[in-house]
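Notes follow the structure.
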Amino acid sequence: MLIFTIRRLNLFIFTMLVLTLLSFSLSFLFPGDSIINITGAINATPYQLEKIQQSYQTDSNIFWQYIAYLQHIIHGDLGISMSSQSDIGSEVLNLLPATIELSLVALLIAMFIGVPLGFIAAIKHNKTADNLILSISMIGYSIPVFWLGILAILTFSINLGWLPSAGQISLLFEIKHITGIQFIDILLSDSPYKWQAFSDATSHIILPACVIAVAPATIFIRLARTSMIEVLETSYIRAANAKGLTFQQIIFRHAIRNALIKIIRHVGLQFANLVTIAMVTEVIFSWPGIGRWLIESIYQRDYTAIQSGLLVLSCFIFTIHILTDFIYAALNPLARGNKYGS
Amino acid sequence: MARDKIYMEEIFPSPFMQLWQIFRKTPVAMTGFSCFIFLIILAIFAPILAPYSPVDGQLNMLLLPPAWHEDGNVSFLLGTDELGRDMLSRLMYGTSLTFGMSFIVVILSLVIGVVIGSLSALTSGLKSSFLNHFLDVILSIPSLLLAIIIVAILGPGISNTVWAVVIVLIPQFIHITRYAVKEESRKDYVLASRLDGASPFRVLYYSIFPNIVDRIMGQATLAQSAAILDIATLGFLGLGAQIPLPEWGAILANGLDLFYIAPWTVYLPGLAILFAVVATNLVGEGIRHALKLRKDR
């Protein structure tokens, strides 16, 4: 496990370096002066500009400029937004929790729907139920997410009027921003209308989370199905069968556990996919998350915000990726070998 | 003159033809394939087939519902939008923008990706390990996010969307080609041809490529369904095709303000995207299914 950890940490550092290098080079790729793209200081006086140039070491060679940029990032200085002149670091910290909340809820929905359906399909392999589930999953991952979101708003918010269509919580409730994750904030607050606020927040999150969950759920169906089919063909299942265990005992005690482990490995990769879908969905449902903020800053050509938002988002995705790798390795000793550590 | 002995000619179809023979026998895959061909024909001949111009509107025919609706008009089969533009013509032209463009995008990135991938499969050591790590990083960033970033660098517009999606899809092709070439070059027939004195490029071209072309095709269909969705999503977000262009995602975004009054301006482009992606995925499923059957045989 120690060697595995070192290998993973190695990969993590390498990736972070590549990502910061990418974001550093973005400032040269974007139109305009690179130092202004990095800092966002468009209204700086010549004196301020000189100071900024000094701190980013623009007169030394590109390597030292990159090191200076890294130092700024490590100190949490992501520059200021070109359009609103507010500090990007704190803005991102305010917005990221909303996205995390939405994606986690969506991930849970996707797993709770997708994995059992996949298992059912695998157990009924090559029968009607299997074909039905597979066709549904085919449509599920072919559907464009923005269209699905609009259809969901049209049916559930406008025609039926069951669920609200925009925002994170009704404006009537005043919830203090502590962690940024709405549900925890509500529970921490001492408002007398705590439970009304809680149910309001729940009804706001259902629609966007379900829309996001559709595509990953279909992928979980396929993953669960293939891994279950593989497990059911192994010799230990045959041994369990020969011992005279009932079908249910085999499935619940032996097959599901081993099949689940293989799925956990893919959760990290799926999470990346899910965050992208969440970005588009945030735009449709006016969810105050980082995806909407990033897309809006593209409209406004706010290069500093794009650069930092990209860096934060991809670091977040990669951290989740590494975390799931660790969980997988902790659960499955087979994975700690060299095979997956390279 | 009678022949005493008749030798039956043995035919060994190429791996690609074997694949096609299995593929032909799966009805679902063939349905998807005919839809795919239909879309390609539509994409090429849209200017001839479309009844009206996609950009000029008839101002006396605003927001006409589809023909099966009681207020509909048969000469505007799928209705019109808020500027009186015929939806059917717009969708037909949109086929060449969304679907046709995704096809070109996939071919471009396939060629670049396969060349880089097979060259990198011939190298080994530090360079190869670096490339491996680098690909891992790039592949862990979702394709749409990467496309959005590239569009942010290049600026919105349809040609920039094409380049963004091409760049996004290349790593996947590099990865799969590299993997497939490495796997094949361990096999005996490659060794035989190398013992005959064939140069690495000759081995690659005459021995390895015919055997991996089917796997690359399978990846290409996956890439195309991703490309259609990415192009449409960028169009929808206003980062891809700009306003008068009848790109499916852009049409959908355009109808968004009116979707309570004129829901068909939102339903129809969405259905078109769904149809194109399902057709592509069916072809892909067919190829993967045939690959699996051929392997088991």
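Protein sequence lines, in the order shown, are assigned to chains A and B. So the first sequence is numbered by the numbering used here: it starts at 727 and just counts up by one. So the second sequence is numbered by the numbering used here: it starts at 46 and just counts up by one. Even for Gly, the Cβ is constructed at its ideal location relative to N, Cα and C.
Using a Cβ cut-off of 9 Å (strictly closer), state whether D181(B) contacts chain A. Your numbering for residue 181(B) matches position 136 in the second sequence. Taking Cβ atoms only, chain A reaches closer than 9 Å to D181(B), which makes this a yes.
Short-range partners of chain A found in the region 256-277 of chain B, where Cβ spacing is below 9 Å: Taking 9 Å as the cut-off between beta carbons, the residues of the region 256-277 of chain B near chain A are S270, I273, L274, A277, in sequence order.
Unbroken alpha helix (DSSP H) runs of length 4 or more, entirely within the region 783-810 of chain A: which are they? Within the region 783-810 of chain A, complete alpha helix (DSSP H) segments of at least 4 residues are found at 788-800, given in chain order.
If you measure between the beta carbons of G280(B) and L297(B), is that distance less than 9 Å? Here residue 280(B) is taken as the residue at index 235 of the second sequence, counted from 1. Here residue 297(B) is taken as the residue at index 252 of the second sequence, counted from 1. A contact, by the Cβ cut-off of 9 Å.
Got a sec: is the Cβ-Cβ distance from A998(A) to anything in chain B below 9 Å? Here residue 998(A) corresponds to residue number 272 of the first sequence, with the count starting at 1. So yes, A998(A) belongs to the interface.
C-alpha distance - G1067(A) paired with S781(A), whole-angstrom precision: As a position in the first sequence, residue 1067(A) is number 341, starting the count at 1. As a position in the first sequence, residue 781(A) is number 55, starting the count at 1. Below a pLDDT of 50, predicted positions are generally treated as unreliable, and G1067(A), at 41, falls in that range; no measurement from the model is reported.
When you compare the CB of S1040(A) with every CB in chain B, is at least one pair closer than 9 Å? Numbered from 1 along the first sequence, position 314 holds the residue referred to as residue 1040(A). Chain B, which has a Cβ nearer than 9 Å to the Cβ of S1040(A), makes this yes.
How would you call I51(B), buried or exposed, if buried means at least 16 neighbouring beta carbons within 10 angstroms? Taking the first residue of the second sequence as position 1, residue 51(B) is located at position 6. It is exposed - the Cβ of I51(B) has fewer than 16 other Cβ atoms within 10 Å.
With DSSP as the reference, please indicate the residues paired to T125(B) in a beta bridge. Taking the second sequence and counting its residues from 1, the one referred to as residue 125(B) is at position 80. Paired residue(s): D131(B).
Just by C-beta distance, which residues in the region 736-756 of chain A are closer than 8 Å to chain D? Looking for chain D here will not work: the only protein chains present are A and B.
A832(A) versus A271(B) - alpha carbon distance: Stepping through the first sequence from its first residue, residue 832(A) is reached at position 106. Stepping through the second sequence from its first residue, residue 271(B) is reached at position 226. Straight-line Cα distance between these residues: approximately 21 Å.
For the region 819-849 of chain A, enumerate the residues whose C-beta is nearer than 8 Å to any C-beta of chain B, in chain order. For the region 819-849 of chain A, no residue has a beta-carbon sitting nearer than 8 Å to a beta-carbon of chain B.
I need the DSSP call for D813(A), collapsed to helix, strand or coil. As a working mapping, residue 813(A) is identified with position 87 in the first sequence. Shown here, D813(A) sits in a strand according to DSSP, grouped into three states.
For I944(A), which of Y867(A), L1049(A), M1005(A), I912(A) has the nearest alpha-carbon? The residue given as residue 944(A) occupies position 218 in the first sequence. Going by the sequence as given, residue 944(A) is Thr instead of Ile. Distances from the CA of T944(A) to each of Y867(A), L1049(A), M1005(A), I912(A) were compared; the closest alpha carbon is that of Y867(A).
Cα separation between F978(A) and H1047(A)? The residue you call residue 978(A) lines up with position 252 of the first sequence. The residue you call residue 1047(A) lines up with position 321 of the first sequence. Their Cα atoms are separated by approximately 28 Å.
Using a 10 Å radius around the Cβ and a threshold of 16 neighbouring Cβ atoms, would you call G802(A) buried or exposed? Counting from one through the first sequence, the residue named residue 802(A) turns up at place 76. Exposed, by the Cβ-count rule.
D101(B) versus G129(B) - alpha carbon distance: Numbered from 1 along the second sequence, position 56 holds the residue referred to as residue 101(B). Numbered from 1 along the second sequence, position 84 holds the residue referred to as residue 129(B). Approximately 8 Å, taken between the alpha carbons.
When the distance is taken between beta carbons, is Q287(B) closer than 9 Å to S147(B)? Position 102 of the second sequence, counted from the first residue, corresponds to residue 147(B). Position 242 of the second sequence, counted from the first residue, corresponds to residue 287(B). Not closer than 9 Å, so no.
With a threshold of 9 Å between beta-carbons, can G202(B) be considered close to chain A, or not? Stepping through the second sequence from its first residue, residue 202(B) is reached at position 157. Cβ-Cβ to chain A under 9 Å: no for G202(B).
Ordered along the chain, which non-local residues of its own chain (more than five positions away) have a Cβ less than 7 Å from that of F872(A)? Taking the first sequence and counting its residues from 1, one reaches residue 872(A) at position 146. Leaving aside the five residues that flank F872(A) on each side, the residues in its chain whose CB is nearer than 7 Å to its CB run, in chain order, V1006, I1010.
Counting only beta-carbon separations shorter than 9 Å, does Y394(B) have a partner in chain A? One cannot answer for residue 394(B) here, as it falls past the ends of chain B, which runs 46 to 342.
Under 8 Å by beta carbon: chain A residues contacting N326(B): Your numbering for residue 326(B) matches position 281 in the second sequence. Around N326(B), the beta-carbon contacts reaching into chain A at under 8 Å are M864, Y867, S868.
Are the beta-carbon atoms belonging to Y1029(A) and G283(B) less than 9 Å from one another? On the first sequence, residue 1029(A) is found 303 positions in, with the first residue counted as 1. On the second sequence, residue 283(B) is found 238 positions in, with the first residue counted as 1. Going by C-beta atoms, Y1029(A) is not nearer than 9 Å to G283(B).
Excluding the 5 residues flanking S163(B) on each side, which residues of the same chain have their C-beta closer than 6 Å to its C-beta? To locate residue 163(B), count along the second sequence from 1; it is residue 118. Cβ neighbours of S163(B) within its own chain (closer than 6 Å, five residues either side excluded): T222, V226, L249.
For a contact meaning CB atoms closer than 7 Å, what does P111(B) contact in chain A? As a position in the second sequence, residue 111(B) is number 66, starting the count at 1. Result: empty, since nearest Cβ-Cβ is about 17 Å, beyond 7 Å.
Residues from the region 313-325 of chain B in contact with chain A, defined by Cβ distance under 7 Å: Closer than 7 Å at the C-beta level to chain A, one finds these residues of the region 313-325 of chain B: G315, I318, L319, V322, V323.
To the nearest angstrom, report how far apart M132(B) and K70(B) are at their CA atoms. As a position in the second sequence, residue 132(B) is number 87, starting the count at 1. As a position in the second sequence, residue 70(B) is number 25, starting the count at 1. Between the alpha carbons of M132(B) and K70(B) lies a distance of about 36 Å.
What does A197(B) touch in chain A if you count any residue whose Cβ is under 7 Å from its own? Sequence index remark: in the second sequence, residue 197(B) carries index 152 (1-based). Within 7 Å of the CB of A197(B), the CB atoms of chain A belong to I1024, I1032, in sequence order along the chain.
Here's the rule: buried if 16 or more other CB atoms are within 10 angstroms of the residue's CB, otherwise exposed. What is S344(B)? Given a span of 46 to 342 for chain B in the structure shown, any question on residue 344(B) remains unanswerable.
Would the beta-carbon of I215(B) fall within 9 Å of that of S165(B)? The residue given as residue 215(B) occupies position 170 in the second sequence. The residue given as residue 165(B) occupies position 120 in the second sequence. No, these two residues do not count as a Cβ contact at 9 Å.
Where L301(B) meets chain A, residues with beta-carbon distance less than 8 Å: For the purposes of this step, residue 301(B) is taken as the residue at position 256 of the second sequence. I876, listed in chain order.
Can you tell me whether H903(A) is buried or exposed? The criterion is at least 16 other CB atoms within 10 Å of its CB, across all chains shown. Reading the first sequence from its first residue, position 177 is the one you call residue 903(A). By the Cβ-count criterion, H903(A) is exposed, with fewer than 16 other Cβ atoms from all chains shown falling within 10 Å of its own Cβ.
Counted within 10 angstroms of its Cβ, other Cβ atoms place D116(B) as buried (16 or more) or exposed: If you number the second sequence from 1, residue 116(B) lands on position 71. When all chains shown are included, D116(B) counts as exposed.
Using a Cβ-Cβ cut-off of 8 Å (strictly less than) and excluding sequence neighbours within five positions of I732(A), which residues of its own chain qualify? For this step, residue 732(A) is matched to residue 6 along the first sequence. If we look at I732(A) and ignore the five residues flanking it on each side, it has no Cβ neighbours.
Could you give the distance in angstroms between the alpha-carbon of T952(A) and the alpha-carbon of H220(B)? As a working note, residue 952(A) is residue 226 in the first sequence. As a working note, residue 220(B) is residue 175 in the second sequence. As the crow flies, the alpha-carbon of T952(A) is around 22 Å from that of H220(B).
Could you have a look at R983(A) and say whether DSSP puts it in helix, strand or coil? Numbered from 1 along the first sequence, position 257 holds the residue referred to as residue 983(A). For R983(A), the secondary structure class from DSSP, reduced to helix, strand or coil, is helix.
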